[in-house]
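Protein sequence lines, in the order shown, are assigned to chains A and B.
In terms of this note's numbering, the first sequence has 5 at position 5, counting the first letter as 1, and numbering is strictly consecutive.
In terms of this note's numbering, the second sequence has 32 at position 32, counting the first letter as 1, and numbering is strictly consecutive.
We put the beta carbon where it would ideally sit given N, CA and C, even for glycine.
This report concerns only the one structure given below.
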Amino acid sequence: MTGASRRAIKLQVNGKPHAAEVDVRLTLADCLRQEFKLTGTHLGCEHGVCGACTVLLDGQSVRACLMLAVQADGRAVATVEGLAGADGKLNILQQAFKDHHGLQCGFCTPGILMTLTECFADKPDLTEQDIRVALSGNICRCTGYQGIVDAAMDALRKMRSLL
Amino acid sequence: MKPPPFKYYDPTAQNEVVGLLSSLENLKLLAGGQSLLPMLNMRFVLPDHVVDLNRVAGLDFVEADAGGGLRIGAMTRQRTLEFSADVAARAPLIREAVLHVGHRQTRNRGTLGGSLSHLDPAAELVTAAVALDAVVALRGPAGLRQLAMSEFMLGYMTPATNPDEMLVSVTFPALPAAHGWGFVEFARRHGDFAIASAAATLVTDAQGRISKVALALGGIGVVPLRMPELETGLLGAVASEALFADHCRACATVEAMDDALVTAGYRQQLAPVMARRALMAALQRSGGGAATQPH
Ligand code: FES
Ligand code: FES
Chain A
1 MTGASRRAIK LQVNGKPHAA EVDVRLTLAD CLRQEFKLTG THLGCEHGVC GACTVLLDGQ
61 SVRACLMLAV QADGRAVATV EGLAGADGKL NILQQAFKDH HGLQCGFCTP GILMTLTECF
121 ADKPDLTEQD IRVALSGNIC RCTGYQGIVD AAMDALRKMR SLL
Chain B
1 MKPPPFKYYD PTAQNEVVGL LSSLENLKLL AGGQSLLPML NMRFVLPDHV VDLNRVAGLD
61 FVEADAGGGL RIGAMTRQRT LEFSADVAAR APLIREAVLH VGHRQTRNRG TLGGSLSHLD
121 PAAELVTAAV ALDAVVALRG PAGLRQLAMS EFMLGYMTPA TNPDEMLVSV TFPALPAAHG
181 WGFVEFARRH GDFAIASAAA TLVTDAQGRI SKVALALGGI GVVPLRMPEL ETGLLGAVAS
241 EALFADHCRA CATVEAMDDA LVTAGYRQQL APVMARRALM AALQRSGGGA ATQPH
């Protein structure tokens, strides 16, 4: 087989089909931001440490700076842009972040929201300790995390009350 | 930070991978990418060819064999190890170690084979594999060959894999169902690489005498270290914290690494403590104890 320097890729992003022809060395994060203009996915460190770039790949949280865009060919990606309703109304988790001072500058927030989205879908009976462990992969320089944990716990309570 | 230019291949069959390994120069295999992608982004590596293993068939499995052991495919995600019932039942030390590996976002991608091939001496899975006497299977043009971890680790981040070979699976020999296990580490933050770690398994008889023990130290030497003399010295003795503390003192004299943050002497101080704690955790669980819950 011969190697490629560029590839045509097709993937679902937040339920909508997206296609591009990309350099094979392009990361998924850069593809989302530069090719698809979805700049909600942030890049803090670009080497897998900060978690700002976290997106869901077929429902699982991954660091988008540590994947090539070509590896997402044929897969479904979810980003922070897909969380709010079509009318822009914040979802329960986003609203809880707003209510509990879960963000200040907001740089880390997209990654944290996507991590928590996966956690909530995996296991609805999370404890505060589970949340803290899950958040260990996301660095926030502003909040001191307490507001984030409060927001996550509040969102969990609200989601459970809807079940 | 962007990866340097390379040619990308995503074969679906293992023989295609071996074919590429045999014909191309300056090639890197891409497994979960949780170490290779940072190295590419920072341009610590400049491969001409990147061969992605993510679409290759037959590399992602956990297989419980008839003899009570486990065979695990090289591309099995760390997340799968964390939640596998077979891993929990037969090699709970692996799960205990995986809970210290990175974070959920990196465990969702990171693989067993990637970790062993990268062979970072501080990597939890490498240390656990050393404690468990794991055997790796390498596929090359002439077929498969098996290597014990002790033969596989040639030196600092240097596996014995030939340039035309790929790691395909790892076998973990059976341990008695009632064995105890312990994995402890010292790191600055949860999910960081260990500054020092220890992995232990332990079997005791009805009188509490040690009939089988394995101890590996991670993050201290250039590869994870087994402590054969210490292990032999413990055999037949009645297990206790005092016994472990006494014997583990020998760990302070192992050859340790210096790095930018931590001196060799500091690692040598940590080694006996990690060893004792791992053995104590194993003792508490021998005879069947509660496993750490995954998260
Ligand atoms: S930008 Fe991906 S983890 Fe920091
Ligand atoms: S809100 Fe600023 S980094 Fe988290």
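Beta-carbon within less than 8 Å of residue i's beta-carbon, same chain only, minus the 5 sequence neighbours each way: which residues are those?
| i | result |
| --- | --- |
| residue 267/B | 195, 196, 219, 220, 256 and 257 |
| residue 301/B | Here chain B has residues from 1 to 295 only, and residue 301/B is not among them. |
| residue 289/B | In this prediction, residue 289/B has a pLDDT of 41, which is less than 50 and means its spatial position is unreliable; what the coordinates show is noted afterwards. Same-chain partners within the cutoff: 180. |
| residue 123/A | 130 |
| residue 36/A | 13, 18 and 20 |
| residue 229/B | 250 |
| residue 155/B | 222 and 223 |
Pop quiz: residue i and residue j are said to be a contact at Cβ under 8 Å. What is the actual Cβ separation, rounded to whole angstroms?
| i | j | result |
| --- | --- | --- |
| residue 75/B | residue 111/B | 5 Å |
| residue 24/A | residue 4/A | 6 Å |
| residue 84/A | residue 94/A | 6 Å |
| residue 299/B | residue 241/B | For residue 299/B there is no data in the structure shown, the boundaries of chain B being 1 and 295. |
| residue 234/B | residue 210/B | 5 Å |
| residue 1/A | residue 54/A | Between residue 54/A and residue 1/A the Cβ distance is about 32 Å, and since that is not below 8 Å, they are no contact. |
| residue 117/A | residue 56/A | 7 Å |
| residue 51/A | residue 138/A | 4 Å |
| residue 69/A | residue 27/A | 7 Å |
| residue 164/B | residue 182/B | In fact, because the Cβ distance is near 39 Å, the residues do not count as touching under 8 Å. |
| residue 100/B | residue 185/B | 6 Å |
| residue 98/B | residue 116/B | The Cβ separation is near 13 Å, so there is no contact. |
| residue 14/B | residue 61/A | Residue 14/B to residue 61/A, Cβ: 29 Å. No contact. |
| residue 157/B | residue 217/B | No, residue 157/B and residue 217/B are not in contact; Cβ-Cβ is about 17 Å, not under 8 Å. |
What does residue i touch in chain A if you count any residue whose Cβ is under 8 Å from its own?
| i | result |
| --- | --- |
| residue 1/B | 46 and 47 |
| residue 16/B | 1 |
Using C-beta distances below 6 Å, list every residue in its chain close to residue i, excluding the 5 sequence neighbours before and after it, in chain order.
| i | result |
| --- | --- |
| residue 147/A | 100, 101 and 102 |
| residue 26/B | 47 and 48 |
| residue 295/B | For residue 295/B, the predicted structure reports a pLDDT of 46, less than 50, and the residue's modelled location is therefore unreliable. The matter cannot be settled from this model. |
| residue 208/B | 238 and 239 |
| residue 97/A | 103 and 151 |
| residue 76/A | 12 and 58 |
| residue 63/B | 71 |
| residue 114/B | 31 and 32 |
| residue 293/B | A caution first: residue 293/B carries a pLDDT of 46, below 50, which makes its placement in the model too unreliable to give a value. |
| residue 142/A | 104 and 105 |
| residue 146/B | 135 and 137 |
| residue 8/B | 50 |
| residue 277/B | 184 |
Counting only Cβ pairs nearer than 7 Å, list the residues of chain B close to residue i.
| i | result |
| --- | --- |
| residue 63/A | 105 and 106 |
| residue 4/A | 7 and 8 |
| residue 54/A | 105 |
Which bits of chain B does residue i rub up against, with CB to CB less than 8 Å?
| i | result |
| --- | --- |
| residue 153/A | Neighbours of residue 153/A on chain B: none; closest Cβ ~16 Å, over 8 Å. |
| residue 60/A | 79 and 108 |
So which residues on chain A does residue i lean against when the C-beta distance must stay under 9 Å?
| i | result |
| --- | --- |
| residue 52/B | 68, 70 and 71 |
| residue 176/B | Chain A residues near residue 176/B: none, gap ~31 Å exceeds 9 Å. |
| residue 4/B | 25 |
Please list the partners that residue i has in chain B, where partner means a Cβ-to-Cβ separation under 9 Å.
| i | result |
| --- | --- |
| residue 51/A | 103 and 105 |
With a CB to CB cut of under 7 Å and the five nearest residues on each side skipped, what residues in its chain are close to residue i?
| i | result |
| --- | --- |
| residue 272/B | 248, 249, 251 and 252 |
| residue 187/B | 193, 194 and 195 |
| residue 191/B | 102 and 103 |
| residue 17/A | 10 |
| residue 65/B | 71 |
| residue 41/A | 29, 32, 33, 53, 55, 64, 79, 80 and 110 |
| residue 264/B | 256, 257 and 258 |
Please compile the residues from chain A whose C-beta is within a distance smaller than 7 Å of the C-beta of residue i.
| i | result |
| --- | --- |
| residue 11/B | 1 |
Residues of the segment 180 to 193 of chain B with Cβ closer than 9 Å to any Cβ of chain A, in chain order: So the close ones are 189, 190 and 191.
Short of 9 Å Cβ to Cβ, which residues in the segment 8 to 30 of chain A face chain B? 23, 24, 25, 26, 27 and 30
Within 9 Å of chain B by C-beta, residues of the segment 65 to 81 of chain A in sequence order: 65, 66, 67, 68, 70, 71 and 73
Three-pair Cβ contact test at 8 Å for the segment 149 to 162 of chain A versus the segment 31 to 50 of chain B: no
Check each residue of the segment 27 to 50 of chain B: if its Cβ is closer than 7 Å to any Cβ of chain A, include it; give the result in chain order. 33, 34, 37, 38, 41, 42 and 49
Using a Cβ-Cβ cutoff of 7 Å, what residues of the segment 130 to 155 of chain A are near chain B? List them in chain order. 130, 133, 134, 136 and 137
Check whether the segment 46 to 66 of chain B and the segment 196 to 215 of chain B are in contact - that is, three or more C-beta pairs closer than 8 Å. no
Measuring CB atoms only, is the segment 3 to 10 of chain B touching the segment 115 to 132 of chain A, in the sense that at least three cross pairs come out at less than 8 Å? no
Does the pairing of the segment 77 to 93 of chain B with the segment 6 to 22 of chain B give three or more beta-carbon distances under 8 Å? no
Taking only beta carbons into account, state which residues of the segment 98 to 131 of chain A come closer than 7 Å to chain B, listed in chain order. 115 and 130
Are the segment 122 to 134 of chain B and the segment 146 to 153 of chain B touching by the rule of at least three beta carbon pairs closer than 8 Å? yes
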